[in-house]
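Here is the structure we will look at, set down as structure tokens.
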Amino acid sequence: MRLSFTVNGRQCEADDVWEGESLLYVLRERLGLPGSKNACEQGECGSCTVYLDGVPACACLVAAGQAAGREVGTVEGLAEGDGLGAVQESFVEAGAVQCGFCTPGLLVATDDLVNRVPHPSDAEIRESLAGNLCRCTGYEKIMDAVRLAADRRASSEASRSGKTDA
Amino acid sequence: MTTAEESMLRANAIGTPLTRLDGTEKVTGTAPYAVEHPVDSPAHLHPLQAAIALGRATGIDTSAAEAEPGVLAVLTHANAPRLASTGNGELEILQSGEVGYRGQFLGGVIAETPEIARRAADLIRVHYERYEHDVELRADRDDLYKPEQVNPAFDTDTAQGDADGALASAAVTLDATYSTPMEHNNPMEPHATIACWTDGELTLHDSTQGVYWTQAAVAPLFELDQQQVRVISPHVGGGFGSKGIPHPNVVLAAMAARLVPGRPVKFPLTRQQMFSVVGYRTPTIQHVRLGADEQGRLSAITLDVVEQTAKVKEFAEQTAIPTRTMYAAPHRRTSHRLAALDTPVPTWMRAPGECPGMFGPEVAMDEMALACGLDPIEFRVRNEPETDPESGLPFSSRNLVACLREGARRFGWHDRDPRPGTRRHGEWLVGTGVAASTYPVFAMPGSQATIRATPDGRYAVRIGAVDIGTGTWTALTQIAADALEVSVGEVDLEIGSTTLPTASGAGGSSGINSWGSPIVAAARTLRARLDEHGGTVPAEGVEATEGMPDNPHTSQYAMHSFGAQFAEVWVNADTGEVSVPRLLGIFAAGRIINARTGRSQLLGGMTMGLSMALHEESVLDPRFGHVVNHDLAEYHIATNADVGSLEVDWLDEHDPYVNPMGSKGIGELGITGTAAAITNAAYHATGIRVRELPLHPDKFLR
Ligand code: FES
Ligand code: FES
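Chains as they are written, first to last, in our numbering: chain A, 4 to 169; chain B, 50 to 751.
As structure tokens, then:
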């Protein structure tokens with residue numbers, strides 16, 4: 004099939020797509036967007052988390068055909084202008100990145116959390132990120148990064164209104 | 050001659066919490082991991098794996114697979130390249146139809162897309178002759194054997210004095226057996242390779258802990274010179290030991306690529322495949338005996354370990370090693386015995402030896418402290434050795450007692466009521482526990498660094514090291530900057546390829562030691578050369594290359610890092626569920642090169658220790674020889690919601706003997722002792738002494 008959908012605000016087409024292949028495969032292998040990672044291929048680790056019509060989803064569980072006509076947002080779309088987005092910056096600053104393989108999925112999940120919940124409690128953060136496995140960091144610095152990102156997001160509330168989720 | 054003190058690096062950049070230099074690439078999704086390197090028209094490989102644990106494939110029918118549109122080639126032992134015999138039974142795959150363990154590679158399909166390759170692999174029919182397999186580890190097997198040495202080159206057994214005699218006459222004794230299960234490393238990035246042959250030479254973009262280690266293992270198999278195999282690995286999504294030496298997936302990718310010369314073949318393993326082909330931590334059975342006098346001074350320590358290896362290749366985990374160093378006792382003995390099974394080959398998993406070996410003995414210390422009527426910290430302090438107990442060498446630095454005392458102060462240990470099973474919060478039983486941590490200082494030989502200064506004020510530092518997430522890019526830049534006496538912004542580091550000077554891999558927490566030392570040596574030579582040019586860089590630039598310097602102190606001192614871990618554990622009185630609201634680790638590991646990445650190493654190590662304590666267990670089905678829970682749905686690792694308050698700190702430790710940076714490795718230290726501290730706390734909470742990991746709820750339902 005020919006797959007048409009929007010990725011990070013850009014209209015994208017991919018030809019000869021088998022409907023059953025995963026959205027993750029389409030992003031990584033057909034569209035040259037390897038930011039979203041494949042670490043389990045069965046919805047257990049969150050490394051492949053992307054926005055699908057503004058809602059976080061495991062791209063490994065979304066069949067390509069299901070993405071037709073929809074809006075997808077990936078880690079590659081989190082930058083703000085030429086620089087890093089607030090969530091990206093917070094992860095670097097807090098030391099929440101080690102091997103970086105869980106990072107893209109966590110960034111999307113965090114972006115969603117701080118958009119939805121202005122001042123998440125620690126319990127809320129832990130619970131909403133419990134589906135994103137990290138084998139390296141021990142999560143402490145990820146917690147710091149999310150708190151930092153939430154603070155920044157809250158204090159730049161005004162500029163946020165112009166930004167779309169995807 | 051310069052003294053150890055004088056040759057120490059003056060710290061300027063090192064010790065600061067410089068943010069990770071590869072951070073931007075990683076948070077934008079642009080850091081290329083193995084299979085993400087842009088290549089032209091890649092083909093995709095899906096493996097064929099043995100569906101029996103022992104026997105022989107008598108016929109492999111590939112006709113249906115070959116007929117699938119999009120299939121480029123089907124690989125089996127019938128058409129696989131012949132490999133040179135290197136004595137590595139794990140890597141020498143597809144040389145016959147023999148099956149040595151379930152899941153072993155028997156072939157693969159190379160196709161235009163991964164989906165086609167996977168579907169075609171399903172169409173292959175294999176007929177087997179089955180032999181009776183044997184995959185059960187038990188301490189009472191009559192075929193246990195004594196390996197020649199244990200990983201990497203330690204004595205298998207040691208003995209001093211008369212341990213049996215001392216135990217017979219001791220006032221207080223303990224005799225208990227502990228066990229740890231099979232565990233899988235499970236780095237988040239599955240093992241992955243792009244292999245491509247051009248003009249008889251092989252290029253591997255591989256997810257590896259050592260580009261030169263991979264080259265050294267692969268080149269002889271294909272009868273190539275080392276430099277005919279190029280290995281590239283700038284970013285690795287974790288390894289924890291399983292990517293230390295190559296596994297059969299790398300060989301299968303290279304074999305498959307041979308069938309489609311000029312075309313790159315991508316081979317990322319699935320999570321499930323990782324459970325049978327990239328190694329695991331052996332299960333261990335640890336028989337500990339302790340004897341002490343009435344004052345709680347140990348007279349005897351013995352640890353006899355039984356563990357498994359594979360028939361296709363030996364791996365002997367060094368589980369008893371920490372017992373040789375931890376506590377003083379005149380009479381002592383350690384031993385390792387192996388059962389060779391029809392299983393996949395065990396391998397390194399974060400702190401092989403020290404991690405399982407700090408479980409049994411550190412729980413035993415807790416039990417023994419109670420038996421002696423002593424606080425577990427006081428008991429450890431009382432048995433602190435003055436010199437390394439087995440070698441007799443002085444320690445280059447040893448601050449275990451200081452870590453225990455500082456941890457006790459911060460954790461609020463002083464008012465702890467030692468009685469078990471007496472504190473309750475609603476349905477939760479509450480307890481606290483402590484255990485020690487340790488890890489040796491390893492230095493790998495053979496690394497070289499080249500530094501080139503150019504008139505534009507830049508310093509190019511080149512070494513074939515790797516960054517598996519630990520922060521090598523950042524830490525080596527800091528070390529180079531201080532050794533060159535310039536700012537980090539003037540240094541351009543290149544790592545992650547065999548086109549760079551030779552280097553050891555990331556293993557044994559040895560990276561900073563083994564790569565940093567030659568960088569310091571090269572920087573010093575370079576500065577001397579610059580002085581000859583009057584301090585200015587000539588138009589053609591100045592270059593210096595140095596290897597790993599000899600460290601004369603290695604034979605004069607015992608070099609280890611130490612730590613103390615404290616846990617608060619809640620056990621649900623009705624369900625047996627265990628939770629860990631609080632963990633504290635205090636470490637002494639020489640100078641910490643980067644406070645930010647270093648802290649994360651220790652936090653991550655402790656969390657993997659927590660994961661080991663609460664969750665991790667690969668369940669091997671003895672009937673079929675495979676790991677039943679072979680994915681992240683069933684093999685649980687700690688998630689964010691499992692972790693409560695987790696705190697790490699370190700003491701300022703000055704050690705001029707270990708290397709010019711004064712640093713000890715920290716990648717593995719944090720995982721040692723965590724599971725024991727949690728297990729000891731669970732006992733304190735419940736009065737139930739668990740001696741087998743993991744602490745699943747059933748262990749507390751009695
Ligand atoms: S790769 Fe999609 S959840 Fe793990
Ligand atoms: S940083 Fe490696 S898995 Fe999270």
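All residues carry an ideal CB built from backbone N, CA and C; glycine is no exception. Quantities reported herein were computed from a predicted structural model and do not represent experimental measurements.
Three-state class that DSSP yields for residue i in the structure shown
| i | result |
| --- | --- |
| ALA772/B | Because chain B is modelled from 50 through 751, residue 772/B falls outside the range shown and cannot be assessed. |
| HIS733/B | helix |
| GLU741/B | strand |
| THR113/A | helix |
| GLN258/B | coil |
| ASP168/A | Unreliable placement is indicated for ASP168/A, whose pLDDT of 44 sits below 50; no coordinate value is reported for it. |
| PHE94/A | helix |
| TYR606/B | coil |
| SER145/B | coil |
| CYS245/B | strand |
| ASN432/B | coil |
Opening and closing residue of the alpha helix (DSSP H) in which residue i lies
| i | result |
| --- | --- |
| LEU14/B | Summary: the structure shown does not reach residue 14/B, with chain B confined to residues 50 through 751, and so no result is reported for it. |
| ASN621/B | Here ASN621/B belongs to no alpha helix (DSSP H); instead the beta strand (DSSP E) covers 609-621. |
| THR358/B | Segment 347-359 is the beta strand (DSSP E) holding THR358/B; no alpha helix (DSSP H) there. |
| ALA157/A | 143-158 |
| ARG458/B | 449-460 |
Rounded straight-line distance, which links the Cα of residue j to that of residue i
| i | j | result |
| --- | --- | --- |
| VAL355/B | GLY214/B | 23 Å |
| LEU70/B | TRP522/B | 6 Å |
| ARG399/B | GLU74/B | 26 Å |
| ASN298/B | ILE142/B | 10 Å |
| GLY108/B | LEU301/B | 20 Å |
| GLU366/B | ILE294/B | 15 Å |
| ASN708/B | ASP701/B | 16 Å |
| ASP680/B | ARG307/B | 31 Å |
| ASP18/A | ALA83/B | 25 Å |
| GLY406/B | ASP192/B | 23 Å |
| PRO96/B | THR319/B | 10 Å |
| VAL148/B | ARG174/B | 15 Å |
| ASP168/A | GLU79/A | Confidence in ASP168/A is poor, its pLDDT being 44 and thus under 50, which makes the residue's placement too unreliable to answer from. |
| THR51/B | PRO107/A | 48 Å |
| GLU24/A | GLU164/B | 7 Å |
| SER158/A | VAL120/A | 13 Å |
| PHE104/A | PHE8/A | 26 Å |
Residue range of the unbroken beta strand (DSSP E) whose run includes residue i
| i | result |
| --- | --- |
| VAL515/B | Here VAL515/B belongs to no beta strand (DSSP E), and DSSP marks it neither H nor E. |
| ALA662/B | Note, ALA662/B: premise wrong, no beta strand (DSSP E); alpha helix (DSSP H) at 644-663. |
| GLU74/A | 74-76 |
| GLY104/B | 104-110 |
| GLU543/B | 540-543 |
| LYS713/B | First-last for LYS713/B: undefined, no H or E at that position. |
| ILE281/B | 278-281 |
Spatially closest choice to residue i from the options, by CA coordinates
| i | options | result |
| --- | --- | --- |
| GLN10/B | GLY402/B, GLN153/B, ILE727/B and ILE568/B | Lying before the first or after the last residue shown, residue 10/B is absent from chain B, which here runs from 50 to 751. |
| SER660/B | ASP114/A, CYS15/A, ARG138/A and GLN69/A | ARG138/A |
| SER775/B | LEU718/B, HIS182/B and VAL394/B | Since the first and last residues shown for chain B are 50 and 751, residue 775/B lies out of range. |
| THR723/B | GLY658/B, THR383/B and SER112/B | GLY658/B |
| VAL158/B | THR111/B, GLU178/B, GLU185/B and ARG179/B | THR111/B |
| ALA730/B | GLY470/B, VAL515/B, GLU476/B and ARG187/B | GLY470/B |
| LEU270/B | ASP415/B, GLY138/B, LEU453/B and SER496/B | GLY138/B |
| GLU427/B | ALA359/B, HIS463/B, THR242/B and GLU592/B | HIS463/B |
| THR436/B | LEU478/B, GLY288/B, TYR376/B and ILE737/B | TYR376/B |
| CYS102/A | GLY518/B, GLY693/B and ALA572/B | GLY518/B |
| THR368/B | ALA388/B, PHE408/B and GLN344/B | PHE408/B |
| ILE500/B | VAL450/B, ALA577/B, GLY520/B and PRO494/B | ALA577/B |
| VAL267/B | THR547/B, ALA687/B and ASN678/B | THR547/B |
| GLU130/A | ALA725/B, PRO746/B and ASP691/B | ASP691/B |
Per-residue burial, residue i [other beta carbons within 10 Å of its own, 16 or more giving buried]
| i | result |
| --- | --- |
| ALA529/B | buried |
| TYR606/B | buried |
| SER440/B | exposed |
| VAL668/B | exposed |
| ARG13/A | exposed |
| LYS166/A | Residue confidence for LYS166/A is low, a pLDDT of 49 falling below 50, so the modelled location carries little weight; the figure read from the coordinates is stated next. Looking at its Cβ environment, which holds fewer than 16 other Cβ atoms inside 10 Å, LYS166/A is exposed. |
| VAL326/B | buried |
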